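Written out below as structure tokens is the structure these notes cover.
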Amino acid sequence: MHSDLPAAAFHILVSLANEDRHGYAIIQDVAARTKGKLKLSPGTLYRTIQRLLEQGLIAELRHRPDPEFDDERRRYYRITAQGVRAARDEAKRLAQMVKLARASGLMPKEA
Amino acid sequence: MLRLLLLIYPASFRSEYGALIRTALEQHRRDSPGFLPAAAFWAATIADTFVSASAAHLDILRHDLGYTARTLARSPGFALTAITVAALGIGATAAAMAMLDHVLVRPLPFPDQDRLVKLYEDHQSNGRQWDLAPANYRDWKRLATSFDRAGAFHNISVNLGGNGDPQRLEAAAVTPETFPILDVPVWLGRTFAAEDDRDGAPATAVLSYPLWQSAFGADPSIIGRTVLLDGAPCTIIGVMPRGFYFPTREAQLWTAMRLPPDAFADRTNTFIYGIAKLRRNVPLERAQAELSTIAARLAHEYPAQLAHTGASIIRMRDEVSDKSRLMLKALAGAALCLLIIACTNLANLLLARAMQRSKEIAVRSALGAGRERLIRQILTESLVIAILGGIGGIAIARVALPLLARLVPISLPIAAVPAIDLRILLFSAALTCGTAIAFGVFPAFRSSRPMSLREGGRSGIGGRGERTRSILVVAQVAASMVLLVGCGVLARALWQIQSINPGFQTDNTITLRTTLPMPRYEDRAVREQFYTRVLDSVKQLPGVQNAAYISFLPMTMRGGIWPVEVAGHPQDISSRRTASLRFVTPGFFDTMRIPLISGRDVSESDTFHKHDIAIVSQSFARTFWPGENPIGRHFDFGNADRTVAGVVGDVRVRGLERSSEPQVYLPYKQHDRVAMFYAPKDLVVRTSGAPESLVPAIRRIIREADPEQPVSDVRTLAAIVDEDVAGRAVQVRALAAFTIVALLLAAIGIHGLLSFTISSRTQEIGVRMALGATPAGIVSMTCRTALRLAAIGILFGVPLAYAVTRWLQSLLAGVQPGDALSFGLAIAVCLAACLAGSFRPALAASRVDPAAAIRAE
Numbered sequence: 105m106h107s108d109l110p111a112a113a114f115h116i117l118v119s120l121a122n123e124d125r126h127g128y129a130i131i132q133d134v135a136a137r138t139k140g141k142l143k144l145s146p147g148t149l150y151r152t153i154q155r156l157l158e159q160g161l162i163a164e165l166r167h168r169p170d171p172e173f174d175d176e177r178r179r180y181y182r183i184t185a186q187g188v189r190a191a192r193d194e195a196k197r198l199a200q201m202v203k204l205a206r207a208s209g210l211m212p213k214e215a
Numbered sequence: 024m025l026r027l028l029l030l031i032y033p034a035s036f037r038s039e040y041g042a043l044i045r046t047a048l049e050q051h052r053r054d055s056p057g058f059l060p061a062a063a064f065w066a067a068t069i070a071d072t073f074v075s076a077s078a079a080h081l082d083i084l085r086h087d088l089g090y091t092a093r094t095l096a097r098s099p100g101f102a103l104t105a106i107t108v109a110a111l112g113i114g115a116t117a118a119a120m121a122m123l124d125h126v127l128v129r130p131l132p133f134p135d136q137d138r139l140v141k142l143y144e145d146h147q148s149n150g151r152q153w154d155l156a157p158a159n160y161r162d163w164k165r166l167a168t169s170f171d172r173a174g175a176f177h178n179i180s181v182n183l184g185g186n187g188d189p190q191r192l193e194a195a196a197v198t199p200e201t202f203p204i205l206d207v208p209v210w211l212g213r214t215f216a217a218e219d220d221r222d223g224a225p226a227t228a229v230l231s232y233p234l235w236q237s238a239f240g241a242d243p244s245i246i247g248r249t250v251l252l253d254g255a256p257c258t259i260i261g262v263m264p265r266g267f268y269f270p271t272r273e274a275q276l277w278t279a280m281r282l283p284p285d286a287f288a289d290r291t292n293t294f295i296y297g298i299a300k301l302r303r304n305v306p307l308e309r310a311q312a313e314l315s316t317i318a319a320r321l322a323h324e325y326p327a328q329l330a331h332t333g334a335s336i337i338r339m340r341d342e343v344s345d346k347s348r349l350m351l352k353a354l355a356g357a358a359l360c361l362l363i364i365a366c367t368n369l370a371n372l373l374l375a376r377a378m379q380r381s382k383e384i385a386v387r388s389a390l391g392a393g394r395e396r397l398i399r400q401i402l403t404e405s406l407v408i409a410i411l412g413g414i415g416g417i418a419i420a421r422v423a424l425p426l427l428a429r430l431v432p433i434s435l436p437i438a439a440v441p442a443i444d445l446r447i448l449l450f451s452a453a454l455t456c457g458t459a460i461a462f463g464v465f466p467a468f469r470s471s472r473p474m475s476l477r478e479g480g481r482s483g484i485g486g487r488g489e490r491t492r493s494i495l496v497v498a499q500v501a502a503s504m505v506l507l508v509g510c511g512v513l514a515r516a517l518w519q520i521q522s523i524n525p526g527f528q529t530d531n532t533i534t535l536r537t538t539l540p541m542p543r544y545e546d547r548a549v550r551e552q553f554y555t556r557v558l559d560s561v562k563q564l565p566g567v568q569n570a571a572y573i574s575f576l577p578m579t580m581r582g583g584i585w586p587v588e589v590a591g592h593p594q595d596i597s598s599r600r601t602a603s604l605r606f607v608t609p610g611f612f613d614t615m616r617i618p619l620i621s622g623r624d625v626s627e628s629d630t631f632h633k634h635d636i637a638i639v640s641q642s643f644a645r646t647f648w649p650g651e652n653p654i655g656r657h658f659d660f661g662n663a664d665r666t667v668a669g670v671v672g673d674v675r676v677r678g679l680e681r682s683s684e685p686q687v688y689l690p691y692k693q694h695d696r697v698a699m700f701y702a703p704k705d706l707v708v709r710t711s712g713a714p715e716s717l718v719p720a721i722r723r724i725i726r727e728a729d730p731e732q733p734v735s736d737v738r739t740l741a742a743i744v745d746e747d748v749a750g751r752a753v754q755v756r757a758l759a760a761f762t763i764v765a766l767l768l769a770a771i772g773i774h775g776l777l778s779f780t781i782s783s784r785t786q787e788i789g790v791r792m793a794l795g796a797t798p799a800g801i802v803s804m805t806c807r808t809a810l811r812l813a814a815i816g817i818l819f820g821v822p823l824a825y826a827v828t829r830w831l832q833s834l835l836a837g838v839q840p841g842d843a844l845s846f847g848l849a850i851a852v853c854l855a856a857c858l859a860g861s862f863r864p865a866l867a868a869s870r871v872d873p874a875a876a877i878r879a880e
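In structure tokens:
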């Protein structure tokens, strides 16, 4: 069902892989990981979050991990087991594509 | 600003994430100080909001569509009924509107069509729209300054030869100005130039697109080819594009009009039509005033001929008879009635469904679905039904429109079948969405009202919903009444007209037309030889009782009217009496079964050199010699002094619905003093058996007499008379179809309402039965409910229907607007339909098991 994971969704899952985060933190994390190349807009972020929630790939946390930084408007998200599986499948798919590209000489072989 | 921007998101999304998005955006903005970064932020944010918001809307739409598909698939009966109801309503309305738009509204397919006008002579007492005498046309054209250009034309029919089988064509002879006035670019070649008009110039013709396709295989090298028109060579110089019609849609070919000098001699011999293009910024009234002045001046100059001849100008777009207008409006009104019924029916269906689903909705509401999402979901469902219905409706309209073609008057230069163009599609789309919103919003608001699970879980429904639905049913019954009565009176009018005696008997006859081409048949002897040969051979055929030729059969040509002068009846030119002029061969009256009242028929011995005689109709004799014996009387008619030799019964030359001039029949051998146009061309054959089987034999006889003579208009006399009322018949059929659908919908409405009432009242009925009510009593209680609704509907419907029939009075051919039979029948049919609709629910009610019903509580 999740065979075609949009790029934004994949980045969000990757960002949530090791840590529960709130929305703005996800934006910043994705930007940091991609060295500023991908800046998710809040609209895209929450729309994707809504869909990931519906698909059960992430869950909203009831209790906030760090009450000190918490702000009422912040909601934290955590990747689910299903989400981990979906992200892993997508990573495999991408790796496979890279392999194919190498095989056809589109990019240099790995050192 | 941000808050405003966020309003673009769907409300459900906004309430969930709006605050978060705003926080994130505010943080973003704080991170980008300075003017340029701030501007970039706003540009990016606005663009992104639009993109994500539409994506969010699409998400919801996809979700709702999926949900709708699942719920509709789960109740296919409901889905099918709802879509069919919507399709019928939309289809009927789209078809009627396309028709109305095509005939009355849409501009004619000519550039600057609002400046196109037709010119007529105004013969005050004898009618305001007479064709023109060439000399008058010439003077009007010369003196008038209101027109860019003026031209003239007249309808002709020609035999096309030199191209396979000879073919009979309706055509028009036009002056060189005519095509430039219409200003439609030629498809191939050119149109007429001034040289083509001159006497002695080589004959030229322009083809219509359909003729080019059918007779010449769309040959692109057709220009310059020579064909035979009425036996004379003629060069094809052009082809007009598809969809070009002039002067009516029947004309398939145009030739250059040439008026011989003697055509200008008689200013009362009217046979051409004027067309002109008003100068820019010249209003019709000013042109009319100018032309009237010119006509008055000519009347002063030629008092003997033109004392009572004025001029009238009519915009080409407006050449639609009042009757055609009213017929189309009635059709559109009926369609609107049907649309109202369809919409109320749908509202009812959806309302019932919403009530049935109130439990589901209550559950979803309890699970946190917001009101906006619920309304949106229900609206999506309505829209899906409406759009599917709209597609079905357009399909219905496409099928229905060709059937309605007879309602398009042939006087307009437009296609017979209206195209469903973008405007009609937009109209249908508006209709569709309007319907969806009308019947979607109402139930949506009702069923999304905050409702507790406990309340939604109960099967009993409050009285308000039922009352709303009852009102809808009453409205449907009332609208059905209007349709029933309207259809009833128009059907009666049709029957009334069909029962009018045309003056001849239509059974066992076949007719066909052989228009003899001139100048080949200009010689009297050659013509007579043709008639004699054909008639003698046809009469020899087995089963033929009699056969004869006439200039034009009744109802096929309404003109051919000539002035009558009788010695001792001095008459002012303004009140001059007229009669229709026809040449006949002996035996015509017997073949047509027109009674010979006194005197004799024309005979073969009434030759050209003998004294001119005439057979007149009874009304002619009554007009000029009331109470006297008309036989042997003289009158001046058709350029000769003629003696009455016989009197025959009157015939409805102008059709069943119109009064006709008296008729004068002249022997075919005494023809030459009248235009060749009147040479007998319609053959009528009376047989003892089925006449159609004789057609091949008759065709063979004509081919033997003249291999180049085309045969056209093969039909029975009955078909000619039917044709006369075809427009009405189509209208009645369309109305009948609308009415049947309306009744069906009303019955469905009653059925739905009662089924629902019964199912929600199971307990009450159970209790009643436990207390001793019999099944028969329950059935009669249910039927009484239906009849009460029907009665209220009828009560509202009757005055409405009366108002409608009053409005239609000019179409009713003497049937009274308050026609008791139509009203009585309509009431009976309405009641019957309502009872039929209540039958199944009543049966279901009578089968309620009291024990089970009470236990369920």
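Chains as they are written, first to last, in our numbering: chain A, 105 to 215; chain B, 24 to 880.
Just so it is clear, CB atoms sit at the ideal spot from N, CA and C, and this is done for glycine as well.
Note that the structure is predicted; figures quoted are calculated from it, not measured.
Contact with chain A is absent for Gln754(B), since none of that chain's Cβ atoms lies less than 9 Å from the residue's Cβ. When DSSP states are grouped into helix, strand and coil, Glu123(A) belongs to the coil group. Here Val737(B) carries a strand assignment [DSSP, helix/strand/coil]. A Cβ-Cβ distance of about 20 Å is found for the pair Pro586(B) and Val674(B), leaving them out of contact under the 8 Å criterion. Collapsing the DSSP output to three states places Arg536(B) in a strand.
Taking Arg429(B) as the centre and dropping the five residues before and after it, the same chain places the C-beta of Ala749, Gly750 and Val753 closer than 7 Å to its C-beta, in chain order. Distances from the alpha-carbon of Ile443(B) to those of Ile417(B), Val790(B) and Ala66(B) put Ile417(B) closest. For the pair Ser833(B) and Leu301(B), the CB atoms are not nearer than the 9 Å cut-off. Straight-line spacing of the CA atoms in Thr94(B) and Ala874(B) works out to 33 Å.
Closer than 9 Å to the CB of Asp87(B) there is not a single CB belonging to chain A. The beta carbons of Ala824(B) and Ile773(B) sit no closer together than 9 Å. A straight line joining the alpha-carbon of Glu383(B) with that of Leu354(B) spans about 43 Å.
Restricting attention to Phe114(A), Ala111(A), Leu117(A) and Gly127(A), the CA atom closest to the CA of Tyr180(A) is found in Gly127(A). Between Ala799(B) and the set Ala867(B), Pro840(B) and Thr780(B), the nearest pair of CA atoms involves Ala867(B).
From the beta-carbon of Ile44(B), the residues of chain A found nearer than 7 Å are Pro146, Gly147 and Tyr150. Note that the C-beta distance between Leu307(B) and Ala334(B) is not below 9 Å.
A check of alpha carbon separations from Trp65(B) across Ala158(B), Val74(B), Leu48(B) and Asp341(B) identifies Leu48(B) as the nearest. For Glu193(B), the enclosing beta strand (DSSP E) covers residues Gln190 to Val197. In the DSSP annotation of this structure, the continuous segment of the beta strand (DSSP E) that includes Tyr143(B) starts and ends at Leu139 to Asp145. Within chain A, not a single residue places a beta-carbon under 8 Å from that of Tyr232(B); the smallest gap is close to 52 Å. Membership of Pro719(B) in the alpha helix (DSSP H) is indicated by the continuous run Val718 to Ala728. Excluding five sequence positions before and after Ala158(B), the CB atoms of its chain that fall closer than 7 Å to its own CB belong to Phe287 and Arg290, given in chain order. Arg182(A) sits in a strand when the DSSP states are folded into three classes. At least one CB of chain A lies nearer than 9 Å to the CB of Phe36(B).
Annotation: Gln159(A) has no Cβ neighbours in chain B at a cutoff of 8 Å; minimum Cβ distance is about 12 Å. Between Arg550(B) and Leu558(B) a beta carbon distance of about 12 Å is seen, past the 8 Å cut, so the two are scored as non-contacting.
At a cut-off of 9 Å, the C-beta of Tyr90(B) has no neighbouring C-beta in chain A.
It is roughly 12 Å from the alpha-carbon of Arg172(B) to the alpha-carbon of Leu142(B).
Look at the beta carbons and you see the segment 240–252 of chain B not touching the segment 263–275 of chain B: under three pairs across the two are nearer than 8 Å. Look at the segment 122–139 of chain A: the residues with a C-beta under 9 Å from a C-beta of chain B are His126, Gly127, Tyr128 and Ile131. In this structure the segment 758–769 of chain B lies against the segment 509–517 of chain B, because at least three pairs of beta carbons, one per stretch, are closer than 8 Å. DSSP places Glu164(A) in the uninterrupted beta strand (DSSP E) bounded by Ile162 to Glu164. Excluding sequence positions up to five before and after Arg623(B), its CB lies within less than 7 Å of the CB of Ala668 and Gly669, all in the same chain and listed in chain order. Distances from the CA of Ile116(A) to each of Leu165(A), Met201(A), Lys139(A) and Tyr150(A) were compared; the closest alpha carbon is that of Tyr150(A). Closest in alpha carbon position to Leu454(B), among Thr491(B), Gln519(B), Leu362(B) and Glu404(B), is Leu362(B). In this structure, DSSP gives Ser180(B) an extended state, which the three-state scheme calls strand.
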